[in-house]
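So the sequence shown is residues 3 to 502, counted in the working numbering. Ideal placement from N, C-alpha and C gives every residue a C-beta, glycine not left out. Predicted model only: the values in this text are computed from it and were never measured. Quick notes on the structure that follows.
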Amino acid sequence: MPASQDILINWTPQETRVALIESGAVQELHVERTLERGLVGNIYAGKVVRVLPGMQSAFIDIGLERAAFLHVADLHREDPSVRPASRSADVQTPIEKRVHEGQTLMVQVIKDPIGTKGARLSTQISVAGRLLVFLPQDDHLGISQKIGSPELREQLRERMTQLIGAADAKDGRNRPGGFILRTNAEDATDDELAMDIAYLRKTWATIREHGLKAPPGTLLYQELNLAQRVLRDLVTEQVQTIRIDSLIQHEALVAFGQEFTPSAVGKLAHYKGERPIFDLYNIDTEIERALARRVDLKSGGYLIIDQTEALTTIDVNTGGYVGARNFDDTIFKTNLEAAQAIARQLRLRNLGGIIIIDFIDMLREDHRDAVLAELRKQMARDRTKSTVSGFSPLGLVEMTRKRTRESLAHLLCVPCPTCEGRGQVKTPRTVCYNILREILREARQFNPREFRVVASAAVVEMFLDEESAHLAGLSDFIGKPVSLQTEPSMSPEQYDIVLL
Numbered sequence: 003m004p005a006s007q008d009i010l011i012n013w014t015p016q017e018t019r020v021a022l023i024e025s026g027a028v029q030e031l032h033v034e035r036t037l038e039r040g041l042v043g044n045i046y047a048g049k050v051v052r053v054l055p056g057m058q059s060a061f062i063d064i065g066l067e068r069a070a071f072l073h074v075a076d077l078h079r080e081d082p083s084v085r086p087a088s089r090s091a092d093v094q095t096p097i098e099k100r101v102h103e104g105q106t107l108m109v110q111v112i113k114d115p116i117g118t119k120g121a122r123l124s125t126q127i128s129v130a131g132r133l134l135v136f137l138p139q140d141d142h143l144g145i146s147q148k149i150g151s152p153e154l155r156e157q158l159r160e161r162m163t164q165l166i167g168a169a170d171a172k173d174g175r176n177r178p179g180g181f182i183l184r185t186n187a188e189d190a191t192d193d194e195l196a197m198d199i200a201y202l203r204k205t206w207a208t209i210r211e212h213g214l215k216a217p218p219g220t221l222l223y224q225e226l227n228l229a230q231r232v233l234r235d236l237v238t239e240q241v242q243t244i245r246i247d248s249l250i251q252h253e254a255l256v257a258f259g260q261e262f263t264p265s266a267v268g269k270l271a272h273y274k275g276e277r278p279i280f281d282l283y284n285i286d287t288e289i290e291r292a293l294a295r296r297v298d299l300k301s302g303g304y305l306i307i308d309q310t311e312a313l314t315t316i317d318v319n320t321g322g323y324v325g326a327r328n329f330d331d332t333i334f335k336t337n338l339e340a341a342q343a344i345a346r347q348l349r350l351r352n353l354g355g356i357i358i359i360d361f362i363d364m365l366r367e368d369h370r371d372a373v374l375a376e377l378r379k380q381m382a383r384d385r386t387k388s389t390v391s392g393f394s395p396l397g398l399v400e401m402t403r404k405r406t407r408e409s410l411a412h413l414l415c416v417p418c419p420t421c422e423g424r425g426q427v428k429t430p431r432t433v434c435y436n437i438l439r440e441i442l443r444e445a446r447q448f449n450p451r452e453f454r455v456v457a458s459a460a461v462v463e464m465f466l467d468e469e470s471a472h473l474a475g476l477s478d479f480i481g482k483p484v485s486l487q488t489e490p491s492m493s494p495e496q497y498d499i500v501l502l
């Protein structure tokens, strides 16, 4: 039986943080910052302010600081029988014959403003749900190309046709609009798909109704904020409560839930405790741990997690753990605990792509099978799709986890400006020797009165102490004095050689 879950929402004007708690431990963290929310997906009532036939484009006022940009290729095809493959015929109709200055259009942002460029728009509207994308102007049923099995694609198509028909019968009329099944709809139940169909149709009806009477420049639909996406995407039968520490946001969520996700409203509660809501489960401490390279296991073993551009590597070590019976038992118990911890860390840190796990070598086949089974069991609780392969000839486990958003580390951190993301810096002695070589090189090209070395305190101290003889020897060799100056703002690797 799946474990019960609780959701905690910490809201401030600048940031929203969501924690999914399962079995008393944080399993997922989601963070959204107000100033970093983009415009992509937003739908506006726009007014055509200028048509540029030479560029086959138009500038559209959507109420932002700069006018947005609409290219003829992003205009909706009026004839739904025209398929994308033959879109060129539609594009050849010049833009000046399709839009005119002063016209009001419903437009959607497909690219955020960058620098001095305004947002890029499209009149081909789509509304994304958790499992489906609704295309109100089209009438076809598409399936993500990443769902590769022809049999599965056909099954999904048949199920969706039946569910759409059932929804139309319930409404008593055939409602226009097409759908695209997203990749994560591959394992969805009929109830989940039906809920998404109802949600998307309700959302579009609200957008269309608003659009009929809104003046140009009005925002008709904004991509859901994180708190709203919690109700749409995270709430399942296992979720017992959703607690939020803002009364205003609680009331807004209740209003949103009553209209779009009625089943989740009864689980919403306003947290009134004196302690910060994230202190209930030490979530801020968990966030700090989730940014660390090392993860300690209860047994005394530990994981080392390294995230690179291409993949993530996880190394399992026994540390100070010694088994009760023998060495094989120690390794097996450590690997079992590591499998559980790895599944949780992948969710907590939101690590995706290719993941390589180096478990401690196990001699017994049944031990390897048990560790793999435990890893797969724990990953089955993850909403994000993953695949776990067996042990490779080198004893490594290869797995993949779908990338759904930025990892926690990429969201909260930037590469270290000192080491530039390498994770290490040159020793003061290495920097000293680089400086000595640089001075020798400069002395062959220039003839200054004096060389002055400006560097960090550690490098200057090394020159004054252990490397003083080498510095004096170089000064004698080039026949010029070399002075030292400490610069506190310099990193351990930075230095400057000034010719005086």
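*Would you mind reading off the limits of the alpha helix (DSSP H) that contains D363?*
Residue 363 sits at position 361 when you count from the first residue of the sequence shown. Neither: D363 is in no alpha helix (DSSP H) and is coded neither H nor E.
_Given this structure, state the Cα-to-Cα distance separating L255 from S391, to the nearest angstrom._
Along the sequence shown, one-based indexing puts residue 255 at 253. Along the sequence shown, one-based indexing puts residue 391 at 389. Cα to Cα, the separation comes out at about 41 Å.
*Stretch-stretch touch, CB-based, cutoff 8 Å, three pairs: the region 63-70 with the region 23-34*: no
*For D204, which of Y223, A187, P218 has the nearest alpha-carbon?*
One-based indexing of the sequence shown puts residue 204 at position 202. For clarity, residue 204 is Lys in the given sequence; the question names Asp instead. Measuring from the Cα of K204, the nearest candidate turns out to be Y223.
*Can you give me the Cβ contacts of R122 inside the same chain, cut-off strictly under 6 Å, excluding the 5 residues immediately before and after it?*
Within the sequence shown, the letter at position 120 stands for residue 122. Closer than 6 Å at the Cβ level, and outside the excluded window around R122, lie F71, I112, K113.
*Report, in whole angstroms, the separation of the C-beta atoms of T14 and A229, which I expect to be a contact under 8 Å.*
Residue numbering aside, residue 14 sits at position 12 when the sequence shown is read from its first letter. Residue numbering aside, residue 229 sits at position 227 when the sequence shown is read from its first letter. 12 Å between Cβ atoms; not a contact.
*Using DSSP with H/G/I as helix, E/B as strand and the rest coil, what is Q343?*
Here residue 343 is taken as the residue at index 341 of the sequence shown, counted from 1. In the sequence under discussion, the amino acid at residue 343 is Ala, which differs from the Gln named in the question. Three-state DSSP puts A343 in a helix.
_Just to confirm, is the Cβ distance from D360 to L299 under 8 Å?_
Taking the sequence shown and counting its residues from 1, one reaches residue 360 at position 358. Taking the sequence shown and counting its residues from 1, one reaches residue 299 at position 297. No; because the gap between Cβ atoms is not below 8 Å, this pair is not in contact.
*Is the beta carbon of A460 less than 8 Å from the beta carbon of P494?*
Position 458 of the sequence shown, counting from 1, holds the residue named residue 460. Position 492 of the sequence shown, counting from 1, holds the residue named residue 494. Yes, Cβ-Cβ distance for A460 and P494 is below 8 Å.
*Applying the criterion that 16 or more other CB atoms from any shown protein chain within 10 Å of the CB defines a buried residue, is L54 buried or exposed?*
Counting from one through the sequence shown, the residue named residue 54 turns up at place 52. Exposed: under 16 other Cβ atoms inside 10 Å.
*DSSP on S394, reduced to helix/strand/coil?*
Position 392 of the sequence shown holds residue 394. Residue state, collapsed to three classes: coil.
*Curious, which full-length beta strand (DSSP E) runs of at least 3 residues does the region 172-207 contain?*
180-183
_Assuming R291 is part of the beta strand (DSSP E), what are its boundary residues?_
The residue given as residue 291 occupies position 289 in the sequence shown. That residue, R291, is in no beta strand (DSSP E); its alpha helix (DSSP H) goes 285-292.
*So, using beta-carbon positions, are R184 and L133 closer together than 8 Å?*
As a position in the sequence shown, residue 184 is number 182, starting the count at 1. As a position in the sequence shown, residue 133 is number 131, starting the count at 1. Against a cut-off of 8 Å, the Cβ pair of L133 and R184 comes out as a contact.
*Going by DSSP, which residues form a beta bridge with I306?*
One-based indexing of the sequence shown puts residue 306 at position 304. Answer is R296, D317.
_Pick from I357, R431, V427, E367 that is closest to R405, judged by C-alpha positions_ = By 1-based counting over the sequence shown, the position of residue 405 is 403. Selected option, being the one with the closest Cα: I357.
*Would you say the beta carbon of E422 comes nearer than 7 Å to a heavy atom of the ligand ZN?*
Within the structure as shown, the ligand ZN is missing, as the structure has no ligands at all.
*Could you spell out where the beta strand (DSSP E) holding Q380 opens and where it closes?*
Within the sequence shown, the letter at position 378 stands for residue 380. Run containing Q380: none in the beta strand (DSSP E); it sits in the alpha helix (DSSP H), 367-381.
*Helix, strand or coil: how does DSSP classify E17 here?*
Looking up residue 17 in the sequence shown gives position 15. Strand.
*Report buried or exposed for K482, applying the criterion of at least 16 other Cβ atoms within 10 angstroms of its Cβ.*
Residue 482 sits at position 480 when you count from the first residue of the sequence shown. K482 is buried by the Cβ-count criterion.
*asked:* Restricting to Cα atoms, I'd like to know which of N227, R454, E311 is closest to L438.
replied: Numbered from its first residue, the sequence shown carries residue 438 at position 436. Out of N227, R454, E311, R454 has the C-alpha closest to the C-alpha of L438.
*asked:* Does the structure place the region 39-48 close enough to the region 208-226 that three or more beta carbon pairs sit under 8 Å?
replied: yes
*With a threshold of 16 other CB atoms inside 10 Å of the CB of V84, please say whether the residue is buried or exposed.*
Counting from 1 along the sequence shown, the entry for residue 84 is found at position 82. Low local confidence applies: a pLDDT of 41 at V84 is under 50, so the model's placement there is unreliable, with the coordinate-based value given in what follows. Exposed: under 16 other Cβ atoms inside 10 Å.
*Just confirm the distance between the C-beta atoms of V297 and L338, as a whole number of angstroms; I'd bet it's less than 8 Å.*
Taking the first residue of the sequence shown as position 1, residue 297 is located at position 295. Taking the first residue of the sequence shown as position 1, residue 338 is located at position 336. In fact, because the Cβ distance is near 15 Å, the residues do not count as touching under 8 Å.
*Determine contact between the region 131-149 and the region 168-182, defined as no fewer than three beta-carbon pairs at a distance below 8 Å.*
yes
*Which value, in whole angstroms, describes the spacing of the CA atoms of R79 and R383?*
Taking the sequence shown and counting its residues from 1, one reaches residue 79 at position 77. Taking the sequence shown and counting its residues from 1, one reaches residue 383 at position 381. Each residue's Cα considered, the two are about 42 Å apart.
_Whole angstroms are fine: how far does the CA of I166 sit from the CA of I145?_
Taking the sequence shown and counting its residues from 1, one reaches residue 145 at position 143. Taking the sequence shown and counting its residues from 1, one reaches residue 166 at position 164. If you take the alpha carbons of I145 and I166, they lie about 15 Å apart.
*Excluding sequence positions up to five away, which residues of its chain have a Cβ less than 8 Å from the Cβ of L158?*
Translated into the one-based positions of the sequence shown, residue 158 becomes position 156. Around L158: I145, I149, L183, A187, E188.
*Output the boundary residues of the beta strand (DSSP E) element that contains Y497.*
As a working mapping, residue 497 is identified with position 495 in the sequence shown. First-last of the beta strand (DSSP E) with Y497: 497-501.
*asked:* At 4 residues or longer, what runs of the alpha helix (DSSP H) sit wholly inside the region 395-430?
replied: 410-414
*With a 10 Å radius around its C-beta and 16 neighbouring C-beta atoms as the bar for buried, classify N12 as buried or exposed.*
On the sequence shown, position 10 is the one that residue 12 refers to. Buried, because 16 or more other Cβ atoms sit within 10 Å of the Cβ of N12.
*Taking only the alpha-carbon atoms, compute the straight-line gap between R234 and G131 and give it to the nearest angstrom.*
Numbered from 1 along the sequence shown, position 232 holds the residue referred to as residue 234. Numbered from 1 along the sequence shown, position 129 holds the residue referred to as residue 131. If you take the alpha carbons of R234 and G131, they lie about 8 Å apart.
*Proximity winner among F329, M464, R161, relative to L195 (alpha-carbon distances)*: Walking along the sequence shown from the start, residue 195 turns up at place 193. The shortest Cα separation from L195 among F329, M464, R161 belongs to R161.
*Taking C-alpha atoms, which residue in A341, M381, I333, L396 lies nearest to R366?*
Stepping through the sequence shown from its first residue, residue 366 is reached at position 364. The option with the nearest alpha carbon to R366 is I333.
*Excluding the 5 residues preceding and the 5 following F280 in the sequence, name in chain order all residues of the same chain whose CB lies nearer than 6 Å to its CB.*
Sequence index remark: in the sequence shown, residue 280 carries index 278 (1-based). Cβ neighbours of F280 beyond the five flanking positions: N12, D286.
*For I64, does the three-state DSSP call read helix, strand or coil?*
Translated into the one-based positions of the sequence shown, residue 64 becomes position 62. Correct three-state label for I64: coil.
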